[in-house]
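First up is the structure itself, then whatever we jot down about it.
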Amino acid sequence: MTEQWMPKDKPELLSAIDREWKLLLNTAEKLTDKQMTTPDKGGWSPKDNLAHITEWMKVLMGYHIDHRPSHEVLGVSEDVTKGWDMSNINPVLFERNRNRSRQGVLDELKQVYEQLTAKLESMTFEEYMAPRHADDPEKSPLVLWIIGDTTDHFAEHRETIEKAIKS
47 MTEQWMPKDK PELLSAIDRE WKLLLNTAEK LTDKQMTTPD KGGWSPKDNL
97 AHITEWMKVL MGYHIDHRPS HEVLGVSEDV TKGWDMSNIN PVLFERNRNR
147 SRQGVLDELK QVYEQLTAKL ESMTFEEYMA PRHADDPEKS PLVLWIIGDT
197 TDHFAEHRET IEKAIKS
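Numbering (the working numbering), first residue to last: 47 to 213.
See below:
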């Protein structure tokens, strides 16, 4: 298992997020309409990957940062998010976004990213490093979810998109 990268301060975190965001967006904006909507071996098109990232940035803001109920943030029934089983959640999100237009997905992706960066800018590094939940026995800092739903997630899906385009 690799060691989790931890930023030394707020500027380092925001810079890493911005860097991965630009790489993701650059990759997405180079795609033709056909490439953007062609599913990979797993059945997801680049457009589907981008819609997925948007949904999880919303989860980061609404659930992890603002502590709203997960089903409310995602706009799904409670049984979908019970136990945080990705094999239940991700297919629901996929189906919801599957028939959206390329431009609609890109516009929302950019809008949600702007909302997220504004929220992160308004927070202190101490807030990033505080336990995500007060009752967490492990005292896991919020920053782990910030990284997971931004830099790591952007890179993961960018690589997935690049791999699908090359095959």
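Beta carbons are placed, not taken as given, at the ideal position from N, Cα and C, and that holds for glycine.
Query: Cβ shell of E66 (< 6 angstroms), same chain only, five flanking positions each side left out; Result: T197, F200 and A201
Query: L69 beta carbon less than 8 angstroms from that of R204; Result: yes
Query: Cβ-Cβ distance between N95 and T206 below 8 angstroms; Result: yes
Query: Separation of T163 from D64, as counted between CA atoms; Result: 9 angstroms
Query: Start-to-end residues for the alpha helix (DSSP H) that takes in T196; Result: Careful: T196 lies outside any alpha helix (DSSP H) and carries neither H nor E.
Query: Residue ranges of each alpha helix (DSSP H) within the stretch 76-102, 4 or longer; Result: 79-83
Query: Other residues of its chain near H110: CB distance less than 7 angstroms, five sequence neighbours each side excluded; Result: R178, L188 and W191
Query: Contacts around T127, its chain only, beta-carbon distance under 7 angstroms, and the 5 residues preceding and following it disregarded; Result: S116, H117, L120 and I135
Query: Short Cβ contact (8 angstroms threshold) for K93 with R148; Result: yes
Query: 8 angstroms Cβ cutoff met for K56 and M107; Result: no
Query: V158 versus G150: straight-line alpha-carbon distance, rounded; Result: 12 angstroms
Query: D153 versus K185: straight-line alpha-carbon distance, rounded; Result: 36 angstroms
Query: Where P57 sits in the DSSP three-state scheme; Result: helix
Query: Reduced DSSP category for P115 - H, G, I as helix; E, B as strand; rest coil; Result: coil
Query: Simplified DSSP state of P250, which is helix, strand or coil; Result: Nothing about residue 250 can be read from this structure; the chain reaches only from 47 to 213.
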